[in-house]
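Colleague: Residue numbers (our numbering): 1 to 258. Note that CB positions come from ideal geometry on N, CA and C, so glycine has one too.
(1) Rounded to whole angstroms, what is the Cα-Cα separation between residue 229 and residue 205?
(2) Put residue 174 into one of helix, strand or coil per three-state DSSP.
(3) Which two residues bound the contiguous beta strand (DSSP E) that contains residue 117?
(4) For residue 6, which of helix, strand or coil comes out of DSSP?
(5) Can you name the start and end residues of the beta strand (DSSP E) that residue 232 belongs to?
(6) Figure out for me which residue from 235, 107, 80 and 35 has the closest Cα to the Cα of residue 219.
(7) Quick one: what does DSSP say residue 137 is sitting in, helix, strand or coil?
(8) With a floor of 3 residues, list each beta strand (DSSP E) that falls wholly inside the region 150–221, ordered by position along the chain.
(9) In terms of residue numbering, what span does the beta strand (DSSP E) encompassing residue 97 cover?
(10) Could you round the C-beta distance between residue 116 and residue 160 to whole angstroms and report it? I think they count as a contact, below 8 angstroms.
(11) Which one of 236, 252, 249 and 243 has the shortest CA to CA distance from residue 11?
(12) Based on Cα-Cα distance, which residue from 131, 35 and 186 lies nearest to residue 63?
(13) Any idea which residues DSSP pairs residue 143 with across the strands?
(14) Straight-line CA distance for residue 83 to residue 224?
(15) Taking contact to mean 3 or more Cβ pairs, one atom from each stretch, closer than 8 angstroms, check whether the region 184–191 and the region 139–151 are in contact.
(16) For residue 196, which residues of its own chain have a beta-carbon under 6 angstroms away from its beta-carbon, when the five flanking residues on both sides are left out?
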């Protein structure tokens with residue numbers, strides 16, 4: 001089991017935050033990606049440029065936004081541009097170093113579903129949809145994905161192909177005309193996954209504190225590949241935990257959920 005000093009969710013957020021740098025221009029998804037990006041900004045990456053789909057550039061929210069239309073993003077941004085400019089110039093122009101996405105379902109090649117669970121015509125659950133995620137996944141220089149592990153979310157075959165990861169593996173991205181790297185990391189509440197250099201299949205490269213390989217396999221819907229030499233994710237330090245918890249507390253207070 002994971003240490004009582006921090007939760008699996010906190011470990012996931014902080015592990016994801018550590019992967020960002022002050023040099024990054026990051027297209028941020030709402031939810032877990034937003035938390036990770038803002039923890040990075042408030043700790044080791046103060047000069048990171050955060051961009052949200054609504055057109056806010058260089059935003060520095062004091063609380064986590066409810067949506068891309070949250071006024072907190074516009075109020076704290078360096079500037080706000082139109083959505084067409086955001087996608088045509090910033091994203092299609094190759095200026096986004098990291099696209100940071102969440103997922104409802106993901107497969108072994110990091111293809112993402114955020115559209116429906118079940119049959120498209122008669123779904124069990126209709127999800128928020130793709131929004132700008134398909135373009136972000138295709139045109140960002142690199143993509144990070146965060147999600148909690150479960151057999152329901154990590155599946156052999158996704159129910160709907162919303163955002164292209166590594167397709168069927170190998171050189172499928174390049175075959176489709178995509179010259180960007182695609183998903184280079186999946187950060188879950190249990191482990192860090194990276195695509196195999198040859199096959200593109202997600203491979204566990206680091207286990208979070210207290211996590212076993214069996215725990216990872218039990219919460220994944222496909223046969224997991226583990227790196228020959230598994231690393232151990234360093235636990236959160238006091239500063240990382242304090243910043244994350246204060247951010248969450250401010251958010252809960254501002255949004256009336258605390």
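Modeller: If we stick to the structure as given:
(1) In this structure, the straight-line span from the alpha carbon of residue 229 to that of residue 205 is close to 8 angstroms.
(2) In the structure shown, the three-state DSSP call for residue 174 is helix.
(3) Element bounds for residue 117: 116–118.
(4) Here residue 6 sits in coil by DSSP.
(5) Where residue 232 is concerned, the enclosing beta strand (DSSP E) stretches over 225–232.
(6) Per the Cα distances, 107.
(7) Correct three-state label for residue 137: helix.
(8) With a minimum length of 3 residues, the continuous beta strand (DSSP E) runs that stay inside the region 150–221 are 183–187, 191–195 and 202–207.
(9) Premise fails: residue 97 is in no beta strand (DSSP E) and is neither H nor E.
(10) Taking a contact as a CB-CB distance under 8 angstroms, the pair residue 116 and residue 160 counts as one, their CB atoms being some 5 angstroms apart.
(11) Ranking 236, 252, 249 and 243 by Cα distance to residue 11 puts 236 first.
(12) Cα-wise, what sits closest to residue 63 is 35.
(13) DSSP, once it has assigned bridges, lists 99 and 183 as partnering residue 143.
(14) Rounded to whole angstroms, the gap between the alpha carbons of residue 83 and residue 224 is 39 angstroms.
(15) Contact holds: three or more Cβ-Cβ distances are below 8 angstroms.
(16) For residue 196, where only same-chain residues beyond five positions count, the Cβ hits under 6 angstroms are 203.
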